[in-house]
Amino acid sequence: MTSATATLRIPVTGMTCAACSSRVQRSLQKSPGVSDAAVNLMMKSATVTFDPGAITPDALLDVIRDAGYGAALADADQTAFEEQEARERAQAAEYESLRRKALVSGGIGVLAMLVSMPLMGSLAGEHQHAVVADPFMRWSMSALDPTLRAVLPWLYAIPARALTLALLAATLLVMLWAGRHFYTRAWAALRHGAADMNTLVSVGTLAAFVYSLMATVSPVFFTSRGVMPDVYYEAVIIIIALILTGNMFEARAKMRTSAALRSLVALQPKTARVARFGEEVDAPVDTVEPDEVIIVRPGERIPTDGEVVQGDSAVDESMLTGESMPVSKHPGDRVIGGTINRTGAFRYRATTLGASSVLAQIVKLMRDAQGTRAPIQHLADRISAVFVPVVLLLAVLTFGVWYVAADTAPLVRAFAAAVAVLIIACPCAMGLAVPTAVMVASGKGAEMGVLIKGGEALQRAGDIGTVVLDKTGTITEGKPVVTDVLLAPGVEVTADVLLQRVASLERSSEHPLADAIVREAATRALVLDEPESFTSVTGRGAQGVVRDAALVVGNAAFLADWGVSTSPLADQALRLSDDGKTPMFVAMDGQLVGLIAVADPIRASSTAAIARLHAMGLQVVMLTGDNERTAQAIGRAARVDRVVAGVLPDGKVAEVKRIQAQGTVVAMVGDGINDAPALAQADVGMAIGSGTDVAVEAGDIVLMRGDLQGVVRAIALSRRTMRTMRQNLFWAFVYNVIGIPVAAGALYPAFGLQLSPILASAAMAFSSVSVVTNSLRLRRATFD
């Protein structure tokens, strides 16, 4: 007997790149009792599936801490709204901190560059036989030095020693304040035998600082070897400033990826107008109790979920469904917290509150989805696991080759090339390539009424080859309506009289077809009578007495049992059946008087959506428990490729398996309740949501609008997102494949080009920002 598993989401601090998240994930996956672990760099969280009997949550925290990162359990009392708001505050604080440090260190870096001009000139004058090895500084001296000398002559009058000591002090300030976290995190990783982005930045900048410090303390050591005692203080400062600037833009872009969640949280009103002790009181939403009556006026947001008890209105539910048309609300109807009351005032009874509310479930669903990983992420993880150690080795090899092969200043040039390799190779872009796309796509989907339950479902949806559709409530409205009322030849009753008599009889029935007839009578404002007697025969029809008239309503066989021939209307009944309608014959006092046809109409959007699925190269199959004739009629009208009729839930599962056995990725679309087994069996289960049942467990994707256009949007979004992920990974990998050799000096023999550590740091920062920016393009994409 196996133990039940639990899933825990743990906030993790200190992760900065793909190597960090990969290390935390590997540590968790190796722990006894852990069956799965997914660590998300964007969300800074670990989602762990584990056996509570084998390992405790506190032990999981220890595993993460032992890997060199911070971890703490989320507050169990926090609602999804509070947790998201706390996360946004943390993101805003991180952004402000990075912004402040980037601006200050950038300003100091500019001043350091200015100070370095006369310093380089002074050193070049003192050591004319030495070479300025840094190509960036060589360009600066030739392009900027003459202008600066003319504008700021007093700067060139300051002794070189004073300038050097000023640069040393400024560099220490930036390293200990703005860049301190790079070194503390690198040390923490080193203590655990690991390396990450912080390791590369720290090794590069510390090497530059130590080299500069030696040149400051003992310049003779360099000049005696024909090398000018260059100091790289300005490079250290600017490298840190550029990396912080990249991190700042990255943090701001991450905040934008959470825009959809932020807008959902903002929908939750802070107060509600509650009827208490005979008065209307404005109270905080979190103090509202179940069954309390809340008053909502036109233009106000509905504070909580509930049921209308008084008044009529039209409510804008577009935040749930993406549908702009307001929905009419009357006593007994359900209303959802966060939606907008458009017209009349009404009162409703609060039902679902707090974490169980529809809006809270959506926020939780999106947050959990954004914390999951797409399978394509494993490619980046495998590379990141070995990337940093390989880069360190390449840096050492680069130093060795330059030291041996350089014709002038081998030590300085070897050092500059090694530092450039370390800086340009930071794997930030790899760690952001997939999670940013998942986050933006999840938010975009929510805006369109498509709730995607994770990165895996998002990726699989793009590979779908066959879409299997349930009929009732998916292709059709799921609510039968009267389509035809036909009279038999020679009868004297009118259509309204016929309908009034049958509805009066059927009001005692709970059958969906009977309900359709009663609703049609109400639409026509017909006054119904109480039947004097009523008997229902399952699968055949009903009979009884209304206004002293004996009525028999049902199929041809049922009327034949009562000695009534249906042949006068047989041709019409056959035609209606071929159109997917269900004809019910009506006899009154032993005489055939007419028939009433009922059908579950095809949704207005279904045919267009199926046409779009065909245009996307997909096969469309309809499954239904309905009879063959009706199913084929619906299938022809909807233009599906194949119809499978008369199947029960286990038959639907068998059909999905049969299609999967052909090597096709299958999506099953159903209502998430009676189709749950088939939804679970399919590669991608898409549950048609009603706007109130958002946590359909069987489905991977919930379609809030309740129509098939959501299937088209989900697949199109998946394909677009996968294209974005591949672009991100391609450029992240290509950037390093090209950037590292260039930084190592591959272009120097042919073109005389050597990449400065400063330019390498700028390139590294740009790569991370470009990946996030590319993902954000999904927000502007259209799928209709």
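Counting from 1, position 562 in the sequence shown corresponds to residue 561 in numbering that gives the first Met the number 0; the numbering is continuous, with no gaps. Glycine included, C-beta positions come from ideal geometry on N, C-alpha and C.
Rounded to the nearest angstrom, what separates residue i and residue j at their Cα positions?
i: Arg635; j: Ala603; result: 15 Å
i: Leu352; j: Thr12; result: 31 Å
i: Val711; j: Thr720; result: 14 Å
i: Leu707; j: Ala608; result: 6 Å
i: Leu205; j: Tyr182; result: 9 Å
i: Pro283; j: Gln267; result: 11 Å
i: Ala132; j: Gly399; result: With a pLDDT of 47 at Ala132, under the threshold of 50, the predicted position of this residue should be treated as unreliable, and no value is reported.
i: Val362; j: Ile700; result: 15 Å
i: Leu164; j: Val418; result: 23 Å
i: Phe782; j: Ala715; result: 7 Å
i: His329; j: Leu60; result: 51 Å
i: Glu278; j: Val264; result: 29 Å
i: Asp786; j: Val668; result: Nothing about residue 786 can be read from this structure; the chain reaches only from 0 to 783.
i: Val130; j: Thr407; result: The predicted model places Val130 with a pLDDT of 47, which falls under 50 and marks its position as unreliable, so this point remains unresolved.
i: Ala359; j: Gly337; result: 10 Å
i: Thr48; j: Gln24; result: 12 Å
i: Arg179; j: Ile54; result: 35 Å
i: Phe345; j: Arg333; result: 12 Å
i: Asp692; j: Leu512; result: Residue placement at Asp692 is poorly supported in this model, since its pLDDT is 47, which falls under 50; the coordinates still yield a value, given next. Answer to the nearest angstrom: the Cα atoms are 25 Å apart.
i: Thr723; j: Leu7; result: 29 Å
i: Ala597; j: Gln28; result: Here residue 597 is Val; the residue named in the question, Ala, does not match the sequence. The alpha-carbon atoms of Val597 and Gln28 are separated by roughly 57 Å.
i: Leu143; j: Ala394; result: 31 Å
i: Ala637; j: Met615; result: 16 Å
i: Ile237; j: Arg160; result: 21 Å
i: Tyr155; j: Ala405; result: 32 Å
i: Ala610; j: Leu575; result: 25 Å
i: Glu531; j: Lys580; result: 30 Å
i: Leu807; j: Leu591; result: Since the displayed the chain opens at 0 and closes at 783, residue 807 lies outside it and no answer follows.
i: Val62; j: Leu72; result: 13 Å
Take residue i and list the residues in its own chain whose beta-carbon comes closer than 8 Å to its own, dropping the five residues that flank it on each side.
i: Val652; result: Pro676, Ala677 and Gln680
i: Arg523; result: Asp495 and Leu498
i: Ser34; result: Thr4, Thr48, Phe49 and Asp50
i: Gly477; result: Thr471, Asp599 and Asp670
Hey, residue i and residue j: beta-carbon distance below 8 Å or not?
i: Ala177; j: Lys100; result: yes
i: Pro342; j: Pro297; result: Looking at the sequence shown, residue 342 is not Pro but Thr. It is a contact, given that the beta carbons lie within the stated cut-off.
i: Gln618; j: Thr465; result: yes
i: Met703; j: Leu468; result: no
i: Gly593; j: Leu486; result: yes
i: Leu457; j: Ser774; result: no
i: Val202; j: Leu421; result: yes
i: Ala188; j: Gly69; result: no
i: Val287; j: Pro302; result: yes
i: Ile474; j: Val664; result: no
i: Ala784; j: Leu728; result: Because the chain is modelled from 0 through 783, residue 784 falls outside the range shown and cannot be assessed.
i: Ile739; j: Ile242; result: no
i: Tyr402; j: Ala413; result: yes
What does a CB cutoff of less than 7 Å around residue i pick up in its chain, not counting 5 residues either side in sequence?
i: Phe533; result: Leu504, Ser507, Ala541 and Gly543
i: Asp528; result: Ser503, Val545 and Arg546
i: Leu147; result: Leu113 and Met116
i: Val307; result: Lys328, His329, Pro330, Gly331, Asp332, Val334, Phe345 and Tyr347
i: Ser356; result: Thr303, Asp304 and Gly336
Once you ignore the five residues that flank residue i on each side, which residues in its own chain have a CB closer than 6 Å to its CB?
i: Leu752; result: Leu746
i: Val552; result: Val501, Gly540, Ala541, Met583 and Val585
i: Ala694; result: For Ala694, the pLDDT reaches just 36, beneath the cut-off of 50, and the residue's location in the model is therefore unreliable, leaving the point undetermined.
i: Ala207; result: Tyr231, Ala234, Val235 and Val418
Exercise. Note down, one range per segment and in chain order, each beta strand (DSSP E) of at least 3 residues found wholly within the region 534-602.
Key: 540-545, 548-553, 581-587 and 590-598
Quiz item: Does the region 229-237 come close enough to the region 164-180 to have 3 or more Cβ pairs within less than 8 Å?
Solution: yes
Quiz item: Which ranges would you report for the alpha helix (DSSP H) in the region 262-334 if only whole runs of at least 4 residues count?
Solution: 317-320
Practice problem: Taking 8 Å as the threshold, find out whether the region 18-30 comes into contact with the region 182-198 through three or more Cβ pairs. | Solution: yes
Practice problem: Please go through the region 13-45 and give each complete beta strand (DSSP E) segment of 3 or more residues, from N-terminal end onward. | Solution: 33-39
Exercise. Pair every Cβ in the region 84-104 with every Cβ in the region 214-221, then say whether three or more of these pairs are closer than 8 Å.
Key: no
Quiz item: On the three-pair Cβ rule with 8 Å, is the region 626-633 touching the region 508-516?
Solution: no
Quiz item: Which whole runs of the alpha helix (DSSP H) in the region 689-751 are 4 residues long or more, in chain order?
Solution: 708-743 and 747-750
Practice problem: Give, in chain order, every unbroken run of the alpha helix (DSSP H) that is at least 4 residues long and sits entirely within the region 171-226. | Solution: 179-190, 196-216 and 218-222
Quiz item: Which ranges would you report for the beta strand (DSSP E) in the region 457-492 if only whole runs of at least 3 residues count?
Solution: 465-469 and 480-486
Exercise. Starting from the N-terminal side, write out each stretch of the alpha helix (DSSP H) that is 4 residues or longer and does not extend beyond the region 387-458.
Key: 409-423 and 427-446
Quiz item: At which residue ranges does the region 628-687 contain complete beta strand (DSSP E) runs of 3 or more residues, listed in the order of the chain?
Solution: 641-643, 665-669 and 683-687
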